[in-house]
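Undergrad: Numbering (my numbering), first residue to last: 1 to 597. Glycine included, C-beta positions come from ideal geometry on N, C-alpha and C. Following this message is one structure expressed as structure tokens.
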């Protein structure tokens with residue numbers, strides 16, 4: 001047993017002791033759920049059209065094969081109006097040369113309404129059941145995002161209890177402050193006042209309290225130094241004009257903004273050490289990967305070594321890049337891969353966050369298994385996630401306990417970036433379409449691909465990019481919002497069996513969702529499930545900050561602990577299952593836990 005695994009079991013045993021479990025009971029306890037359940041067939045149904053989520057992404061392509069055409073776009077599932085259900089924001093493309101005297105003719109028709117779109121969730125629940133309906137409220141909201149949209153980050157940056165949006169673009173970014181009032185969703189552009197613009201090509205972003213001062217900081221990943229003036233002409237292996245790759249352009253450094261707590265941010269990229277490395281960032285996730293009580297930042301770079309920015313134990317924000325020394329920079333073969341999407345989660349139930357990221361076809365996606373101290377082994381082959389991804393190019397990815405058995409499954413959105421010859425010969429205007437994939441966690445370190453059984457929604461062959469996770473109808477089953485480049489958004493409704501129990505948790509601290517907190521749920525059988533509170537990860541997307549924990553067959557009350565950071569831990573006992581709970585810092589029982597290392 002590695003030192004990290006020993007620490008994980010020690011922490012778990014300490015918790016059981018604190019909860020009054022006798023030592024003789026430990027022989028039957030487990031650090032994670034005991035058994036994975038095989039999900040039923042046809043559990044994902046696309047309900048976008050049926051619910052009014054009418055959106056088609058437009059990439060603005062004109063036949064010039066501009067590199068930025070094939071990268072977007074993203075989405076967010078977030079509660080814009082504070083009514084307890086998830087609203088939707090979808091990023092939109094734009095003309096590449098809007099000021100041209102004679103704009104080039106686009107390959108796809110322009111959308112009737114330009115810019116990103118905001119949809120209000122009009123969920124109603126009564127004796128006749130749940131009715132889900134989305135209404136486009138963009139025009140009345142004041143939100144005008146008419147630049148070339150890429151990604152979305154969500155978080156309450158000003159601590160007023162309303163979720164704000166940071167939108168990344170191919171060009172200048174925007175920070176939209178949520179000023180909604182009861183019955184009306186409204187946003188105000190505060191980019192200039194807050195000081196968080198970045199005119200480069202930004203992709204994914206993350207809100208997280210990186211310095212532990214109670215305010216959400218902002219990490220923005222930047223891609224490469226591509227502009228229309230620097231456009232290059234590339235060709236496929238078959239000699240066709242094709243999209244260039246990241247190697248054709250210089251990399252960019254990412255950017256870190258520290259929240260001052262007065263509605264403004266300070267650019268600390270240089271002093272924090274982040275500007276020391278330029279690359280090709282596409283995905284970002286913030287998590288305490290080495291369990292030292294401080295949030296770290298992990299960046300997925302395209303065809304360059306990935307970054308693991310470990311937070312240093314010193315005043316202010318300071319990081320060191322440790323991906324190579326921790327085994328998380330390149331594949332087990334020593335090769336830098338085309339990392340796009342990334343997610344951090346406890347796949348194996350050992351109380352630490354592992355890393356999963358998506359890559360180009362023929363490279364395999366990668367699972368980095370955490371040893372508990374922030375050192376990683378490449379588990380792609382052993383987990384069977386690697387071989388199953390060889391024929392696809394992955395982008396967005398989320399962990400979803402599809403059947404609520406307690407084991408985290410994986411969804412991957414696929415779509416090529418290099419022309420697929422057969423589709424090009426057939427005349428496709430965007431010959432990059434692939435099928436998405438769903439992997440069931442078997443509970444023994446292995447995953448099984450079940451895409452073919454999941455439902456008609458996974459039979460589509462499209463150019464998928466982003467995936468956001470959230471329970472859109474509050475029924476205790478996680479749903480998926482999938483974006484397609486030059487295609488329709490799809491809302492995959494989870495219709496798995498309701499036999500498994502669950503508990504939903506919203507963790508609130510300082511008046512906002514406690515992004516970065518860790519939560520553990522002790523089930524009636526003594527097993528413990530670990531989750532993190534976050535909206536980041538995937539690719540260009542922001543997900544529901546609520547933690548939905550599947551409990552399997554155990555339907556008794558649960559004990560929940562929230563680790564807020566800085567050694568603060570609180571506990572709530574006897575929480576009912578099959579419902580959502582809001583747990584606010586200061587309302588639980590303060591407990592002491594062994595050290596994190």
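#1: Quick one: what does DSSP say residue 592 is sitting in, helix, strand or coil?
#2: Apart from the five residues just before and just after residue 22, which ones in its own chain have a Cβ nearer than 7 Å to its Cβ?
#3: Along the chain, which unbroken stretches of the beta strand (DSSP E) at least 3 residues long are found entirely within the stretch 314-385?
#4: Candidates 94, 44 and 258: which alpha carbon is nearest residue 62's?
#5: Under a Cβ-count criterion, where at least 16 other Cβ atoms within 10 Å of its own Cβ denotes burial, should residue 418 be classed as buried or exposed?
#6: Going along the chain, which residues of its own chain have a beta-carbon closer than 8 Å to the beta-carbon of residue 41, five neighbours each way excluded?
#7: Do you know whose CA, among 518, 179 and 55, lies nearest residue 134's CA?
#8: Run through the DSSP bridge pairs and tell me what residue 528 is partnered with.
#9: Whole angstroms are fine: how far does the CA of residue 490 sit from the CA of residue 45?
#10: So residue 196 is in the alpha helix (DSSP H); what residue range does that whole segment cover?
#11: If we count the other Cβ atoms within 10 Å of its Cβ and call it buried at 16 or more, is residue 598 buried or exposed?
#12: Is the Cβ-Cβ distance between residue 218 and residue 176 less than 9 Å?
#13: Look at the Cβ atom of residue 543, then the Cβ atom of residue 204, and state whether they are nearer than 9 Å.
#14: Based on Cα-Cα distance, which residue from 146, 475, 137 and 410 lies nearest to residue 96?
#15: Count the other CB atoms within 10 Å of the CB of residue 77; is the residue buried (16 or more) or exposed (fewer)?
#16: Within a Cβ cutoff of 8 Å, which residues of the same chain sit near residue 137, ignoring the five residues on either side of it in sequence?
#17: Short check: CB of residue 397 to CB of residue 364, under 9 Å?
#18: Starting from residue 140, follow the alpha helix (DSSP H) in both directions and report where the run begins and ends.
#19: Does residue 66 come out as helix, strand or coil in the three-state DSSP assignment?
#20: Should the stretch 550-565 be called in touch with the stretch 495-508, which here means at least 3 C-beta pairs below 8 Å?
#21: Candidates 79, 71, 58 and 261: which alpha carbon is nearest residue 469's?
#22: Where does the unbroken alpha helix (DSSP H) through residue 423 begin, and where does it stop?
#23: Can you grab the Cα-Cα spacing for the pair residue 559 / residue 276, in whole Å?
#24: Using only CA atoms, which one of 241, 458 and 510 lies nearest to residue 436?
#25: State the start and end residues of the unbroken beta strand (DSSP E) segment that holds residue 127.
#26: Let me know the secondary structure DSSP gives residue 230 once reduced to three states.
#27: Can residue 294 and residue 238 be called in contact, C-beta distance under 9 Å?
#28: Indicate whether residue 483 and residue 154 have their beta-carbon atoms separated by less than 9 Å.
#29: Which one or two residues does DSSP pair with residue 502 in a beta bridge?
#30: Among 160, 47 and 226, which one has its Cα closest to the Cα of residue 171?
#31: Taking the straight line between their C-alpha atoms, what separation do you get for residue 416 and residue 465?
#32: DSSP three-state call for residue 456: helix, strand or coil?
#33: Closest to residue 516 by CA distance: which of 522, 525 and 531 is it?
#34: From residue 343 to residue 546, what distance separates their C-alpha atoms?
#35: Could you pull the start and end residues of the beta strand (DSSP E) that residue 118 belongs to?
#36: Rounded to a whole number of angstroms, what is the C-alpha to C-alpha distance between residue 580 and residue 233?
TA: By the coordinates alone:
#1: Residue numbering aside, residue 592 sits at position 592 when the chain shown is read from its first letter. Three-state DSSP puts residue 592 in coil, outside helix and strand.
#2: As a working note, residue 22 is residue 22 in the chain shown. Residue placement at residue 22 cannot be trusted, given a pLDDT of 28 that sits under 50; the coordinates are not used to answer.
#3: 319-321, 342-345, 354-357, 366-370 and 376-378
#4: The sequence position of residue 62 within the chain shown is 62, counting from 1. Out of 94, 44 and 258, 94 has the C-alpha closest to the C-alpha of residue 62.
#5: Reading the chain shown from its first residue, position 418 is the one you call residue 418. Burial call: buried.
#6: Counting from one through the chain shown, the residue named residue 41 turns up at place 41. Excluding positions up to five away in sequence, the list reads 453, 454 and 455.
#7: Counting from 1 along the chain shown, the entry for residue 134 is found at position 134. If we check each option's Cα against that of residue 134, 55 comes out closest.
#8: Reading the chain shown from its first residue, position 528 is the one you call residue 528. 522, per the DSSP bridge assignment.
#9: As a first step, residue 45 is located in the chain shown; it is residue number 45 there, counting from the start. As a first step, residue 490 is located in the chain shown; it is residue number 490 there, counting from the start. Roughly 9 Å between the two C-alpha positions.
#10: On the chain shown, position 196 is the one that residue 196 refers to. Residue 196 -> no alpha helix (DSSP H), and no H or E assigned at all.
#11: Coverage of the chain is limited to positions 1 through 597, which leaves residue 598 absent and any answer about it impossible.
#12: Start at 1 with the first residue of the chain shown, and residue 218 comes out as number 218. Start at 1 with the first residue of the chain shown, and residue 176 comes out as number 176. No, the Cβ-Cβ distance between residue 218 and residue 176 is not below 9 Å.
#13: Taking the first residue of the chain shown as position 1, residue 543 is located at position 543. Taking the first residue of the chain shown as position 1, residue 204 is located at position 204. No, Cβ-Cβ distance for residue 543 and residue 204 is not below 9 Å.
#14: Reading the chain shown from its first residue, position 96 is the one you call residue 96. Taking only the C-alpha atoms, the option nearest residue 96 is 146.
#15: The residue you call residue 77 lines up with position 77 of the chain shown. Flag for residue 77 reads buried.
#16: Looking up residue 137 in the chain shown gives position 137. Closer than 8 Å at the Cβ level, and outside the excluded window around residue 137, lie 118, 119, 120 and 185.
#17: Position 397 of the chain shown, counted from the first residue, corresponds to residue 397. Position 364 of the chain shown, counted from the first residue, corresponds to residue 364. No. Outside cutoff.
#18: Here residue 140 corresponds to residue number 140 of the chain shown, with the count starting at 1. 138-141 is the extent of the alpha helix (DSSP H) around residue 140.
#19: Start at 1 with the first residue of the chain shown, and residue 66 comes out as number 66. Three-state result, residue 66: coil.
#20: yes
#21: As a working mapping, residue 469 is identified with position 469 in the chain shown. Considering only alpha carbons, the answer is 79.
#22: Here residue 423 is taken as the residue at index 423 of the chain shown, counted from 1. It spans 421-425 - the alpha helix (DSSP H) in which residue 423 sits, taken as one unbroken run.
#23: Mapped onto the chain shown, residue 559 falls at position 559. Mapped onto the chain shown, residue 276 falls at position 276. Cα to Cα, the separation comes out at about 44 Å.
#24: Position 436 of the chain shown, counting from 1, holds the residue named residue 436. When each option's Cα is compared against that of residue 436, the closest is 458.
#25: On the chain shown, residue 127 is found 127 positions in, with the first residue counted as 1. Per DSSP, residue 127 belongs to no beta strand (DSSP E) and is neither H nor E.
#26: Position 230 of the chain shown, counted from the first residue, corresponds to residue 230. Of the three classes helix, strand and coil, the one that applies to residue 230 here is helix, per DSSP.
#27: What you label residue 294 is simply residue 294 of the chain shown in a count that begins at 1. What you label residue 238 is simply residue 238 of the chain shown in a count that begins at 1. Against a cut-off of 9 Å, the Cβ pair of residue 238 and residue 294 comes out as no contact.
#28: Along the chain shown, one-based indexing puts residue 483 at 483. Along the chain shown, one-based indexing puts residue 154 at 154. Against a cut-off of 9 Å, the Cβ pair of residue 154 and residue 483 comes out as no contact.
#29: Along the chain shown, read from residue 1 onward, the residue named residue 502 stands at position 502. Looking at the DSSP assignment, residue 502 forms a beta bridge with 550.
#30: Taking the chain shown and counting its residues from 1, one reaches residue 171 at position 171. It is 226 whose Cα lies nearest to the Cα of residue 171.
#31: By one-based count along the chain shown, residue 416 stands at place 416. By one-based count along the chain shown, residue 465 stands at place 465. In a straight line, the C-alpha of residue 416 is about 10 Å away from that of residue 465.
#32: Mapped onto the chain shown, residue 456 falls at position 456. Correct three-state label for residue 456: helix.
#33: For the purposes of this step, residue 516 is identified with residue 516 of the chain shown, where counting begins at 1. It is 531 whose Cα lies nearest to the Cα of residue 516.
#34: As a working mapping, residue 343 is identified with position 343 in the chain shown. As a working mapping, residue 546 is identified with position 546 in the chain shown. Between residue 343 and residue 546, the C-alpha separation is close to 16 Å.
#35: As a first step, residue 118 must be located in the chain shown, where it is residue number 118. Element bounds for residue 118: 117-121.
#36: If you number the chain shown from 1, residue 580 lands on position 580. If you number the chain shown from 1, residue 233 lands on position 233. Rounded to the nearest angstrom, the two C-alpha atoms are 53 Å apart.
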